[in-house]
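Residue numbers (numbering that gives the first Met the number 0), protein chains in the order written: chain A, 0 to 209; chain B, 0 to 209. What follows is a short report on a single structure.
Number of protein chains: 2
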Amino acid sequence: MTFKDVIYGRRAVNFFDPEKDVPELLLNEIIEMASQAPSGFNIQPWSLIVLRDYDDKMRLQKHAWNQSKVSEAPVTLIVLADTEGWRAGNPFLEKDFQEMLNSGAMVEEQRQWFYGVCESLYGASEARKIAFSCKNTGFFAMSLMLAAKSLGLDTHPMDGFDIDAVRGEFKIPDNYWIPLLISVGYFKSDQKRTPSKWRKTVDEIVVRFD
Amino acid sequence: MTFKDVIYGRRAVNFFDPEKDVPELLLNEIIEMASQAPSGFNIQPWSLIVLRDYDDKMRLQKHAWNQSKVSEAPVTLIVLADTEGWRAGNPFLEKDFQEMLNSGAMVEEQRQWFYGVCESLYGASEARKIAFSCKNTGFFAMSLMLAAKSLGLDTHPMDGFDIDAVRGEFKIPDNYWIPLLISVGYFKSDQKRTPSKWRKTVDEIVVRFD
């Protein structure tokens, strides 16, 4: 599919065909495409809990306004944003620094400076921790929804769930914010696709205050 | 371009050709594609300040670690996330509710319920306000970077700037978080593209705690 077909064709769908599975290899291909998203200092503060088992999906659905798509979709993802991903000692942050050493982009003497910059940009306040993790995980989640569409699948991003209850149910550690759930599957062909919702125009998006 | 070419081809580039402009119509096409991003209740809490003028870009650059790409790129965007976009009275939220009335998705009696849900999901705490606005604006910004790539342009998302100083310089109201800057332009052809950075594998992304 062309990029334009994907971006204009993606729609949050409410009805998934429970009979049409999303094979693991296909889901992995989608996740790998999504992982190409950029992130500050390449920290990649995103993770996924992949739910396929019906009972697992029902455990989630009961904390997600009982939205039936959570269990009807063959796969529902709990998207996690690591609010502590910027911290020295985090294995992915350490890998980042090591890769920068390997490529010559940084030298060992810059290690403390690098930790300090990460902390000041991403860890200096609760607001910065949430902003850093949710923005970057937003890049990843958007890429994932588009990647799914490019392979003929549909998705539905959901905010309607009880974060604390989902955290408790799946024993998700406190360092993760849960920005959204995404159901992934094939559109149920006996349903009608709703038309695209309205969007802000370019003139409504572009602002200036000074 | 195919979607796969776009997602694997996008790279944060450091060198933009200052001689190759991004015409307004082309930028508008990119913004319109990006505006197809989903958002909670279609609230679309994103805005852009578009800087083209050299002096304007230098006003930004001085608060952005003096990164020369800010002024070398023909266009640099200040991306804004409205932390108050969920609030009753916000014109886009009101338009959303009106559109739902028009389509029959909601009835007038659900107005207070709708306001309440938006507040509880997106406005109940400082963390939720930041998460809501930055996640959705992350969807928009990711779509914008991919849309630019699909039309032959390159981008560079930046976190290295002083939020408060940029806010003051461009008189940006307090309800906006500034999640990132994005430079947009054509890659400077006498420079070398750096290879892709490492990415977490699918096995590193998929987690389970229970």
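Every residue, glycine too, gets a C-beta built ideally from N, C-alpha and C.
Run down chain A in chain order and give the residues with a C-beta less than 7 Å from the C-beta of S34 (chain B). Chain A residues near S34 (chain B): R198, K199 and I204.
Option nearest E118 (chain B) by Cα separation, candidates B:I42, B:D16 and B:G8: E118 (chain B) has its Cα closest to that of B:I42, out of B:I42, B:D16 and B:G8.
Please state the DSSP three-state secondary structure of S34 (chain A). Annotated three-state conformation of S34 (chain A) is coil, per DSSP.
Would E93 (chain B) count as contacting chain A if we go by Cβ distances under 7 Å? With 7 Å as the cut-off, E93 (chain B) does not count as an interface residue toward chain A.
Enumerate in chain order the residues of its own chain whose CB-to-CB distance from A36 (chain B) is below 6 Å, with the five nearest sequence positions on each side excluded. Within the same chain, F138, F139 and S142 come within 6 Å of A36 (chain B) by CB-CB distance, once the 5 residues on both sides are set aside.
Consult DSSP for F14 (chain A) and reduce its assignment to one of helix, strand or coil. For F14 (chain A), the three-state secondary structure derived from DSSP is coil.
What ranges does the beta strand (DSSP E) occupy inside the segment 141-204 of chain A, keeping only unbroken runs of at least 3 residues that lie completely in it? Runs found: 153-157 and 175-184.
Quick check on T136 (chain A): does DSSP put it in helix, strand or coil? Under the three-state reduction of DSSP, T136 (chain A) is assigned to helix.
Could you tell me the alpha carbon to alpha carbon distance between N135 (chain A) and I177 (chain B), rounded to whole angstroms? Spanning the two alpha carbons is a distance of roughly 13 Å.
In whole angstroms, what separates the C-alpha of F96 (chain A) from that of R110 (chain A)? Each residue's alpha carbon lies about 8 Å from the other.
Terminal residues of the continuous alpha helix (DSSP H) containing I6 (chain B)? It spans F2 to G8 - the alpha helix (DSSP H) in which I6 (chain B) sits, taken as one unbroken run.
For I48 (chain A) and D54 (chain B), I'd like the C-alpha separation in whole angstroms. For I48 (chain A) and D54 (chain B), the distance between alpha carbons rounds to 47 Å.
May I ask which residues mark the beginning and end of the beta strand (DSSP E) holding L79 (chain A)? V74 to D81 is the span of the beta strand (DSSP E), which, as asked, contains L79 (chain A).
Would you mind reading off the limits of the beta strand (DSSP E) that contains L50 (chain B)? Run containing L50 (chain B): W45 to L50, per the beta strand (DSSP E) assignment.
For the ligand NAD, is there any heavy atom lying closer than 6 Å to the beta carbon of V74 (chain A)? Within the structure as shown, the ligand NAD is missing, as the structure has no ligands at all.
8 Å Cβ shell around P156 (chain B) - same chain, five flanking residues per side excluded: Counting only Cβ-Cβ distances below 8 Å, and skipping sequence neighbours, we find A11, A140, M144, L179, L180 and I181.
Could you name the residues of chain B that S142 (chain A) contacts, counting a contact when the two beta carbons are closer than 8 Å? In chain order: I6, M141 and L145.
With 7 Å as the C-beta to C-beta threshold (strictly closer), list the residues of the segment 108-128 of chain B near chain A in chain order. Those would be L120, E125 and A126, in chain order.
For the alpha helix (DSSP H) that contains D95 (chain A), what are its first and last residues? That run of the alpha helix (DSSP H) goes P90 to S102.
Return the first residue and the last residue of the alpha helix (DSSP H) that S70 (chain A) is part of. That run of the alpha helix (DSSP H) goes K68 to E71.
Would you identify the three-state DSSP class for D20 (chain B), choosing helix, strand or coil? Residue state, collapsed to three classes: coil.
Residues of chain A with a CB under 7 Å from the CB of Q130 (chain B): which are they? A small correction: the amino acid at residue 130 (chain B) is Ala; Gln does not occupy that position in the sequence shown. Within chain A, the residues near A130 (chain B) are I129, C133, W176 and P178.
With a threshold of 6 Å on Cβ separation, who are the neighbours of D20 (chain B) within its own chain once the five nearest residues in sequence on each side are excluded? Counting only Cβ-Cβ distances below 6 Å, and skipping sequence neighbours, we find P73.
Can you grab the Cα-Cα spacing for the pair P22 (chain B) / P44 (chain B), in whole Å? Rounded to the nearest angstrom, the two C-alpha atoms are 25 Å apart.
The segment 161-172 of chain A: positions lying closer than 7 Å to chain B by Cβ: Close to chain B, meaning a Cβ-Cβ distance shorter than 7 Å, are the following residues of the segment 161-172 of chain A: F169, K170, I171 and P172.
Beta carbon proximity, F186 (chain B) to chain A, threshold 7 Å: Output row for F186 (chain B): interface = no.
For the segment 189-208 of chain A against the segment 80-98 of chain B, do three or more pairs of beta-carbon atoms, one drawn from each stretch, fall closer than 8 Å, so that the two count as touching? Output reads yes: the segment 80-98 of chain B touches the segment 189-208 of chain A.
Chain-ordered chain B contacts of G137 (chain A) [CB-CB under 8 Å]: The answer, in chain order, is C133, K134, N135, T136, G137, F138, A140 and M141.
When you compare the CB of S70 (chain A) with every CB in chain B, is at least one pair closer than 7 Å? Chain B contact via Cβ: absent.
Buried versus exposed call for R127 (chain A) [16 or more other C-beta atoms within 10 Å across all chains shown]: Burial call: buried.
Going by Cα to Cα distance, which pick from B:E31, B:T82, B:Q66 and B:S102 is closest to I171 (chain B)? When each option's Cα is compared against that of I171 (chain B), the closest is B:T82.
Cβ of H62 (chain A) within 7 Å of Cβ of F160 (chain A)? Their beta carbons are under 7 Å apart, which means H62 (chain A) touches F160 (chain A) by this criterion.
So, does the CB of Q43 (chain A) fall closer than 7 Å to a CB anywhere in chain B? True, the Cβ-Cβ gap to chain B drops below 7 Å.
If we cut at 7 Å on Cβ distances, does E31 (chain B) have a partner in chain A? Interface with chain A (7 Å Cβ-Cβ cutoff): E31 (chain B) is included.
Roughly how many angstroms separate the alpha carbons of L76 (chain A) and R166 (chain A), rounded to a whole number? In a straight line, the C-alpha of L76 (chain A) is about 14 Å away from that of R166 (chain A).
For F131 (chain B), three-class secondary structure by DSSP: In this structure, F131 (chain B) counts as helix in the three-state DSSP scheme.
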